[in-house]
Amino acid sequence: MIKLQEVNKNFHKQQVLHDITFQIKDGSIYGLLGSNGAGKTTLLKIIVGILKQEKGSVQIEGQKVFENTDVKKRMIFIPDSLYFFPHYTIEQMANFYQNIYPSWDQERFVQLREMFGLDIKKKVSQFSKGMRRQVAFWLAFSAMPDILVLDEPFDGLDPVVRRKVKNLLIQDVADREMTVLISSHNLREVEDICDYVGILHKGSILLEKDLDELKADIHKVQVAFRNHVPAALKKDLSILHEEKRGSVRLWIVRGAETEVSKLIESYQPIVYDLLPLTLEEIFVYEMGGAGYNVENILV
Amino acid sequence: MWKTSSFKKEVTKQNFRSVGWIGIIYLIGLLFAMPLRIMMELSSDRPFQFLHENGLFQINFEIQQVMMIIIPVLLGIFLFRYLQVKETSDFVHSLPLKRTELYHNNVWNGMVILVAPIIINAAVMTILYISFDLSYVYSLEDIWYWLGGTLSVTLLLFFAAVFVGMVTGLTAVHGVLTYIMLLFPAGITVLLYFAMNQFLYGFSENYYMDQNLHQLSPLVDSLNLYNASLPASRMYVYLAIGAAFYGLAWKIYQHRNMEMAGQAIVYGVLRPIFKYGLTLCMMLVGGLYFQNHPNTTWIVFGYMAGAVSGYAIAEMVLQKTWRVFSAWKGFIGYAAAAGLVFLLLQLDITGFEQRVPAAAKVDRVFIGEGSYSYQNNHPYNESGYLNENENIQAVTKLHKQIISSGSEEYRIGRRNLFLAYEMKNGETMVREYMIPEQDYRAYLDPIYESLEYKALKYPVMKVEPENIDRIRFFTDYASSDKLVVAEPEEIETLMSRLKQDLQAETYEDMIPSLGDRGDISFLLDSGMEVHIPMKRSYGQLNEWLKQKGLYEGAVLTDEDVSKAVIVHQNEPGGPIYNEFKSAAASNEHVWTVKDNQKIKLLLNSKEYQGQGRYFVGIYPKGGEPLIYRISEDLVARVVN
Numbered sequence: 003m004i005k006l007q008e009v010n011k012n013f014h015k016q017q018v019l020h021d022i023t024f025q026i027k028d029g030s031i032y033g034l035l036g037s038n039g040a041g042k043t044t045l046l047k048i049i050v051g052i053l054k055q056e057k058g059s060v061q062i063e064g065q066k067v068f069e070n071t072d073v074k075k076r077m078i079f080i081p082d083s084l085y086f087f088p089h090y091t092i093e094q095m096a097n098f099y100q101n102i103y104p105s106w107d108q109e110r111f112v113q114l115r116e117m118f119g120l121d122i123k124k125k126v127s128q129f130s131k132g133m134r135r136q137v138a139f140w141l142a143f144s145a146m147p148d149i150l151v152l153d154e155p156f157d158g159l160d161p162v163v164r165r166k167v168k169n170l171l172i173q174d175v176a177d178r179e180m181t182v183l184i185s186s187h188n189l190r191e192v193e194d195i196c197d198y199v200g201i202l203h204k205g206s207i208l209l210e211k212d213l214d215e216l217k218a219d220i221h222k223v224q225v226a227f228r229n230h231v232p233a234a235l236k237k238d239l240s241i242l243h244e245e246k247r248g249s250v251r252l253w254i255v256r257g258a259e260t261e262v263s264k265l266i267e268s269y270q271p272i273v274y275d276l277l278p279l280t281l282e283e284i285f286v287y288e289m290g291g292a293g294y295n296v297e298n299i300l301v
Numbered sequence: 008m009w010k011t012s013s014f015k016k017e018v019t020k021q022n023f024r025s026v027g028w029i030g031i032i033y034l035i036g037l038l039f040a041m042p043l044r045i046m047m048e049l050s051s052d053r054p055f056q057f058l059h060e061n062g063l064f065q066i067n068f069e070i071q072q073v074m075m076i077i078i079p080v081l082l083g084i085f086l087f088r089y090l091q092v093k094e095t096s097d098f099v100h101s102l103p104l105k106r107t108e109l110y111h112n113n114v115w116n117g118m119v120i121l122v123a124p125i126i127i128n129a130a131v132m133t134i135l136y137i138s139f140d141l142s143y144v145y146s147l148e149d150i151w152y153w154l155g156g157t158l159s160v161t162l163l164l165f166f167a168a169v170f171v172g173m174v175t176g177l178t179a180v181h182g183v184l185t186y187i188m189l190l191f192p193a194g195i196t197v198l199l200y201f202a203m204n205q206f207l208y209g210f211s212e213n214y215y216m217d218q219n220l221h222q223l224s225p226l227v228d229s230l231n232l233y234n235a236s237l238p239a240s241r242m243y244v245y246l247a248i249g250a251a252f253y254g255l256a257w258k259i260y261q262h263r264n265m266e267m268a269g270q271a272i273v274y275g276v277l278r279p280i281f282k283y284g285l286t287l288c289m290m291l292v293g294g295l296y297f298q299n300h301p302n303t304t305w306i307v308f309g310y311m312a313g314a315v316s317g318y319a320i321a322e323m324v325l326q327k328t329w330r331v332f333s334a335w336k337g338f339i340g341y342a343a344a345a346g347l348v349f350l351l352l353q354l355d356i357t358g359f360e361q362r363v364p365a366a367a368k369v370d371r372v373f374i375g376e377g378s379y380s381y382q383n384n385h386p387y388n389e390s391g392y393l394n395e396n397e398n399i400q401a402v403t404k405l406h407k408q409i410i411s412s413g414s415e416e417y418r419i420g421r422r423n424l425f426l427a428y429e430m431k432n433g434e435t436m437v438r439e440y441m442i443p444e445q446d447y448r449a450y451l452d453p454i455y456e457s458l459e460y461k462a463l464k465y466p467v468m469k470v471e472p473e474n475i476d477r478i479r480f481f482t483d484y485a486s487s488d489k490l491v492v493a494e495p496e497e498i499e500t501l502m503s504r505l506k507q508d509l510q511a512e513t514y515e516d517m518i519p520s521l522g523d524r525g526d527i528s529f530l531l532d533s534g535m536e537v538h539i540p541m542k543r544s545y546g547q548l549n550e551w552l553k554q555k556g557l558y559e560g561a562v563l564t565d566e567d568v569s570k571a572v573i574v575h576q577n578e579p580g581g582p583i584y585n586e587f588k589s590a591a592a593s594n595e596h597v598w599t600v601k602d603n604q605k606i607k608l609l610l611n612s613k614e615y616q617g618q619g620r621y622f623v624g625i626y627p628k629g630g631e632p633l634i635y636r637i638s639e640d641l642v643a644r645v646v647n
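For the record, the sequence lines run as chains A and B. In this text, residue positions in the first sequence follow this note's numbering: the first is 3, and each later residue adds one. In this text, residue positions in the second sequence follow this note's numbering: the first is 8, and each later residue adds one.
Structure below.
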């Protein structure tokens, strides 16, 4: 369990993070979303113990992270801009990780070699940007961390590798309850693997949701009635958004699927469809109600 | 303390991979500079080129010194470069390593890289010493001194670099700031002395400047290793300061905010110190630049320009842009504070300029031309302490007159006057002035003509004739073998006449004439030798010498001179002899004087050294010319 409480951080007297409070359950994948400059990277660096917050606390399993090697041993951070020691080969980097992380699994390292297919005798600096990112994942997965923190992790990966990495992530989460925190400015990139998402905007958490709940809770409905739309129905439904297309109404409705269907069908519509919503649409409607223009927050 | 087990093998490996080359270069440099040099000398037939009593630093000192100053700082910069680059800093600090572990790992790795070459080199020097029996070249103590000196200086510089590395977030600033810090105490002291000298009339900058200023900077002080004059105690001090840097850097690393990588100064509290420190230094440098300008406006301009540029540079470094025009608020505060300090100095609130001690409170007073003879006082100095009440009063009177006349514009004929009062309560008061001597004759004459002062100026006055073995007259133009007085009776007569002459000597006559070029040497029975200048103005003595037939040899007369050549100075600079020769060869503005009366006039003239645009060369028969600089006035009297 990663627990943040009222975390504040300033750079040069300017507030970057303001009262950040949230939790990440063990064995879950948490997506931290936000536009550029929202404070995502700073927040991640505080969570992994690189930076120190001015106020508030960051705890993992009840222990603070900053300068705590016991916690940091079980955690790996893959930053946005990767770093490898100059002139180090993959093998030398692996030796380094093996020496630093007690949970290093050499067997897994060898096993993953086939999957990534990179030459371990080659210097990391000679690889392309995307390959270097693969090396970072390879080393991270071999270290068998309990917590993996990823900052914009899929930039520069081709779709095939991206799929492979996502599968590895999901597999580790499923097999050994690894906890993953992923930051991204792109909702679509993470919606297929995240259990939870939080939106960071101008240094504050704007909202936080369980994705399964969210998806179950909001629906797009197409409906048409013989005569006019029953006023009682509109009153009973929690309609977030309405569009007219001829006689067909398009509603975004909040509520459990079965209840919504039951209620609408009781008015005998001539057309009735319940359509799936993309995560992005959900956010657009959810947050549009809160007075935010989502396009500005999520690119 | 840390546990040995916390040393991570791979971190150490990484350190050696990235900075090990510095140690290798240092080792190769040392081996080439020292043992290989010795071997080279051994294999040649020439005698050794350096003396063993001066120690091992004499062998290729320049190479040793350059490496000693560059290597440790370079090592500190590279070892802690990971702090200055965001990607590296993020990576390293995300690892499960405490900052303490990282710090000690790096520092101890660095120490091994730095110390190993030094120890290996010392070992090689020892092996050479034993296998070739080099005891005539150097001793084992020399190796110890070399080891101690090199280790203490390099370790101090290394830890200074480590400390600065913790304070800054930019590698370039890291290097520059390390050397600035190492020079700062000495530099700011010099600059402050210069400024005080400008603002406080009577402040003796030379006196304070001579007081072991080099000790304030290890960079300057390490030059003393060359002649082994850096004491072992200083080495311990350096090691102690190094240890303090080590501890301090360790502590502040714990509080470093890693997001500050890339900033010139990482800690907020240090930013104003850096900013205003640089402004102050640059302001003083600006004032120094116009130091000798007679116009105060220029000096004030120098200070202001210096302050503005210092402040601007500091802001540029801190903000990392040259467009810092909006940051003027802090400067207004600084300017107000600096203006106030200058005003207080100018108003002389401490009464520094006006202070003259009451004669009754003075134990003794030193009067001389400069601080050098005061600080390096030896018994037969030309100037010395005056104890007599009358003289102390005369000095305070002179001092008061100087103060009431005030500082004067630059003009020819000024001389330096250095005063040091030693009070009865143990305090010392030091002043230095430039005075136009002729204006102060009424005040100077009583002092210089006092018997007490003469006894200081001419120590021979205190010598009893029976203690003198021999008296000889030395000149550049005559053989001295014949000019000897050794009979006790003759010595007694000579001494009594000389003492009469000296006692009666006026201040005017204390200055030798152009023709006075010899010395009288008194060989005492204690084996000591005392000299006084031989002058044509010693009436009693010269009378007697004439009777004895020694005068002709001891004094240069017009009879001894074949000619005098007067030339106009062409290009200033260079030794006076060369200047004269080149001007004499030019055939322009060259006058040759052969008239005896005029030569006599020249020989009897008194001229202050270093003034005027003319030279005279007086050619003794069959000898090299005596060359002086003379005034236009004298030239006019001789050439017409």
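Beta carbons are placed, not taken as given, at the ideal position from N, Cα and C, and that holds for glycine.
Quick one: does H181(B) have its CB under 9 angstroms from some CB of chain A?
Stepping through the second sequence from its first residue, residue 181(B) is reached at position 174. False, the Cβ-Cβ gap to chain A never drops below 9 angstroms.
Can you pull the chain A residues whose beta carbon is under 7 angstroms from the beta carbon of T95(B), in chain order?
Translated into positions along the second sequence, residue 95(B) becomes position 88. Neighbours of T95(B) on chain A, chain order: Y85.
Are R135(A) and L84(A) closer than 9 angstroms when you measure CB to CB?
On the first sequence, position 133 is the one that residue 135(A) refers to. On the first sequence, position 82 is the one that residue 84(A) refers to. Taking 9 angstroms as the Cβ cut-off, R135(A) and L84(A) qualify as a contacting pair.
State whether the stretch 28-42 of chain B contacts the stretch 92-105 of chain B, with contact taken as three or more CB pairs (one from each stretch) at a distance under 8 angstroms.
no
I'd like to know whether the C-beta of E69(A) is nearer than 9 angstroms to at least one C-beta of chain B.
For this step, residue 69(A) is matched to residue 67 along the first sequence. With 9 angstroms as the cut-off, E69(A) counts as an interface residue toward chain B.
Is A669(B) near L177(B), with beta carbons less than 9 angstroms apart?
The structure shown does not extend to residue 669(B), since chain B is modelled only from 8 to 647, so the question has no answer here.
Whether S520(B) touches N611(B) by CB criterion (9 angstroms)
Here residue 520(B) is taken as the residue at index 513 of the second sequence, counted from 1. Here residue 611(B) is taken as the residue at index 604 of the second sequence, counted from 1. Taking 9 angstroms as the Cβ cut-off, S520(B) and N611(B) qualify as a contacting pair.
Could you check where the beta strand (DSSP E) with G525(B) kicks off and where it finishes?
Within the second sequence, residue 525(B) is the residue found at index 518, counting from 1. Unbroken beta strand (DSSP E) run through G525(B): G525 to L531.
Between I527(B) and F480(B), which are expected to be in contact by the criterion C-beta below 8 angstroms, what is the C-beta distance as a whole number of angstroms?
Here residue 527(B) is taken as the residue at index 520 of the second sequence, counted from 1. Here residue 480(B) is taken as the residue at index 473 of the second sequence, counted from 1. Right, their Cβ atoms sit about 6 angstroms apart.
Roughly how many angstroms separate the alpha carbons of K80(A) and S96(B), rounded to a whole number?
On the first sequence, position 78 is the one that residue 80(A) refers to. On the second sequence, position 89 is the one that residue 96(B) refers to. It should be pointed out that residue 80(A) corresponds to Ile in this sequence rather than to Lys. If I take the Cα positions, the gap works out to 13 angstroms.
In this structure, how does DSSP classify G27(B) when only helix, strand and coil are distinguished?
Residue numbering aside, residue 27(B) sits at position 20 when the second sequence is read from its first letter. Three-state result, G27(B): helix.
Between which two residues does the alpha helix (DSSP H) containing H111(B) stretch?
The residue you call residue 111(B) lines up with position 104 of the second sequence. From DSSP, the alpha helix (DSSP H) with H111(B) extends over R106 to F139.
Pick out whichever of T23(A), L265(A) and D177(A) has its Cα sitting closest to the Cα of K302(A).
For chain A, the structure presents residues 3 to 301; residue 302(A) sits outside this window and is missing.
May I have a chain-ordered list of the alpha helix (DSSP H) segments no shorter than 4 residues that lie completely inside the stretch 431-466 of chain B?
448-455 and 458-464
Closest Cα partner of T91(A) within the set Q65(A), E109(A), D121(A) and W106(A):
Position 89 of the first sequence holds residue 91(A). Nearest C-alpha to T91(A): D121(A).
From the beta carbon of S101(B), is the nearest beta carbon of chain A less than 9 angstroms away?
Within the second sequence, numbered from 1, the residue matching residue 101(B) stands at position 94. It does; some Cβ of chain A falls within 9 angstroms.
So, helix, strand or coil for K71(A), using DSSP?
Walking along the first sequence from the start, residue 71(A) turns up at place 69. It is Thr, not Lys, that sits at residue 71(A) in the sequence shown. Reduced to three states, the DSSP call for T71(A) is helix.
Taking the alpha-carbon positions, what's the Y287(A) to K11(A) distance?
Taking the first residue of the first sequence as position 1, residue 287(A) is located at position 285. Taking the first residue of the first sequence as position 1, residue 11(A) is located at position 9. The straight-line gap from Cα to Cα measures roughly 31 angstroms.
Could you run through the stretch 221-252 of chain A and flag, in chain order, every residue whose CB is less than 8 angstroms away from some CB of chain B?
none
DSSP state of T23(A), grouped into three classes?
As a first step, residue 23(A) is located in the first sequence; it is residue number 21 there, counting from the start. Note: T23(A) maps to strand in three-state DSSP.
Taking only three categories from DSSP, how would you classify S593(B)?
Here the question's residue 593(B) lines up with position 586 in the second sequence. It is coil, neither helix nor strand.
Of the residues A561(B), Q21(B), T304(B) and F587(B), which one's Cα is nearest the Cα of A571(B)?
As a position in the second sequence, residue 571(B) is number 564, starting the count at 1. Closest by alpha carbon: F587(B).
Does the count of Cβ pairs from the stretch 290-304 of chain B and the stretch 181-201 of chain B closer than 8 angstroms reach three?
yes
Taking V60(A) as the reference, which of D177(A), D275(A) and Q25(A) has the closest Cα?
For this step, residue 60(A) is matched to residue 58 along the first sequence. V60(A) has its Cα closest to that of Q25(A), out of D177(A), D275(A) and Q25(A).
When you compare the CB of K75(A) with every CB in chain B, is at least one pair closer than 9 angstroms?
If you number the first sequence from 1, residue 75(A) lands on position 73. Closer than 9 angstroms to some Cβ of chain B, the Cβ of K75(A) qualifies, so yes.
For E389(B), does the count of other Cβ atoms within 10 angstroms reach 16, so buried, or fall short, so exposed?
As a position in the second sequence, residue 389(B) is number 382, starting the count at 1. For E389(B), the predicted structure reports a pLDDT of 48, less than 50, and the residue's modelled location is therefore unreliable. A value from the coordinates is still provided. Result: exposed.
Can a CB atom of chain B be found closer than 9 angstroms to the CB of N101(A)?
Position 99 of the first sequence, counting from 1, holds the residue named residue 101(A). Chain B, which has a Cβ nearer than 9 angstroms to the Cβ of N101(A), makes this yes.
Considering only the alpha carbon of each residue, which of R256(A), H243(A), S240(A) and L242(A) lies closest to I220(A)?
In the first sequence, counting from the first residue as 1, residue 220(A) sits at position 218. Ranking R256(A), H243(A), S240(A) and L242(A) by Cα distance to I220(A) puts R256(A) first.
Alpha helix (DSSP H) segments (min. 4 residues) lying fully within the stretch 547-583 of chain B:
558-561
Would you kindly report the start and end of the unbroken beta strand (DSSP E) that includes F79(A)?
Within the first sequence, numbered from 1, the residue matching residue 79(A) stands at position 77. Note, F79(A): beta strand (DSSP E), M77 to I80.
Among residues of its own chain, excluding the 5 on either side of A319(B), which ones have a beta-carbon nearer than 7 angstroms to its beta-carbon?
On the second sequence, residue 319(B) is found 312 positions in, with the first residue counted as 1. Within the same chain, A319(B) has close Cβ partners V331.
How is the alpha helix (DSSP H) around P495(B) delimited, first residue to last?
Along the second sequence, read from residue 1 onward, the residue named residue 495(B) stands at position 488. Unbroken alpha helix (DSSP H) run through P495(B): P495 to A511.
Is A138(A) buried or exposed, if buried means 16 or more other CB atoms sit within 10 Å of its CB?
On the first sequence, position 136 is the one that residue 138(A) refers to. Buried: at least 16 other Cβ atoms inside 10 Å.
I need the DSSP call for Q17(A), collapsed to helix, strand or coil.
The residue given as residue 17(A) occupies position 15 in the first sequence. Q17(A): strand per DSSP, three-state reduction.
Have a look at F281(B) and Q91(B) and give me their C-alpha separation to the nearest angstrom.
Position 274 of the second sequence, counted from the first residue, corresponds to residue 281(B). Position 84 of the second sequence, counted from the first residue, corresponds to residue 91(B). So the two alpha carbons sit approximately 18 angstroms from each other.
Is there a C-beta anywhere in chain A that falls below 9 angstroms from the one on Q71(B)?
Here residue 71(B) is taken as the residue at index 64 of the second sequence, counted from 1. For Q71(B), the answer is no, since every Cβ of chain A falls outside 9 angstroms of its Cβ.
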